[in-house]
Amino acid sequence: MLGMIKNSLFGSVETWPWQVLSKGDKEEVSYEERACEGGKFATVEVTDKPVDEALREAMPKVAKYAGGTNDKGIGMGMTVPISFAVFPNEDGSLQKKLKVWFRIPNQFQSDPPAPSDKTLRLRKRKASLSIPCSLVVMPRKQTM
């Protein structure tokens, strides 16, 4: 835990390399279409829990790994963004399955430390297309 705190306070933050292909807005949602660089990623999958609960479980695991909870005890710094995916059911509802992935910083791409947490896996991912968005939620005016 101390490594995670030290890494958060004093570690570096590296941006996952991407190139913006286009930008847009639709109703209250702004988005960018990005070509994201591939590489090695630490991934964790949580199942049988609602998305918010699964995120609360998965995110600290990724942060601890980056902070030094690994076989080399090395705080690597973070890369941003940390990405996650949820999966739809046939009826449009969400499955109780969440995947979180963290791109290993460039300095450690060739020989990343192995995670101490056995639920974290190191995976090689190809370059991908990503469409991150932000939703602006405004409170409704209340009438009395």
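Per this note's numbering, the very first residue in the sequence shown carries number 3; after that it's consecutive. A virtual CB, placed ideally from N, CA and C, is assigned to each residue, including glycine. Because the structure is a prediction, the values reported are computed rather than measured.
| Check | Outcome |
| --- | --- |
| For Glu39, which three-state DSSP category applies? | coil |
| Would the stretch 114-122 and the stretch 70-82 be scored as touching if the rule is three or more Cβ pairs under 8 Å? | yes |
| Rounded to whole angstroms, how far is the Cβ of Glu34 from the Cβ of Val48, which I believe are closer than 8 Å? | Not really, about 27 Å apart at Cβ, beyond 8 Å. |
| Any idea if Pro107 is buried or exposed, counting beta-carbon neighbours within 10 angstroms, 16 or more meaning buried? | buried |
| Assign Met6 to buried or exposed, taking buried as 16 or more other Cβ atoms, counted over all protein chains shown, within 10 Å of its Cβ. | In this prediction, Met6 has a pLDDT of 49, which is less than 50 and means its spatial position is unreliable; nothing more can be read from the coordinates. |
| Measuring alpha carbon to alpha carbon, tell me which of Ser112, Pro19, Pro83 ends up nearest Cys38. | Pro19 |
| Check Ala116 in the structure and name its three-state DSSP category. | coil |
| Compute the Euclidean distance between the alpha carbons of Asp27 and Val64, then round it to the nearest angstrom. | 31 Å |
| Output the distance between the C-alpha atoms of Thr81 and Lys25, rounded to the nearest integer angstrom. | 22 Å |
| Gly69 lies in the alpha helix (DSSP H); which residues open and close that run? | 53-69 |
| So for Asn108, helix, strand or coil by DSSP? | helix |
| Which whole-angstrom value describes the C-beta separation of Lys42 and Leu122, a residue pair presumed to lie in contact below a C-beta threshold of 8 Å? | Not quite, the Cβ-Cβ distance comes to about 12 Å (not below 8 Å), so this is no contact. |
| If we ignore side chains and look at the alpha-carbon of each, how far apart do Ser85 and Lys126 end up? | 15 Å |
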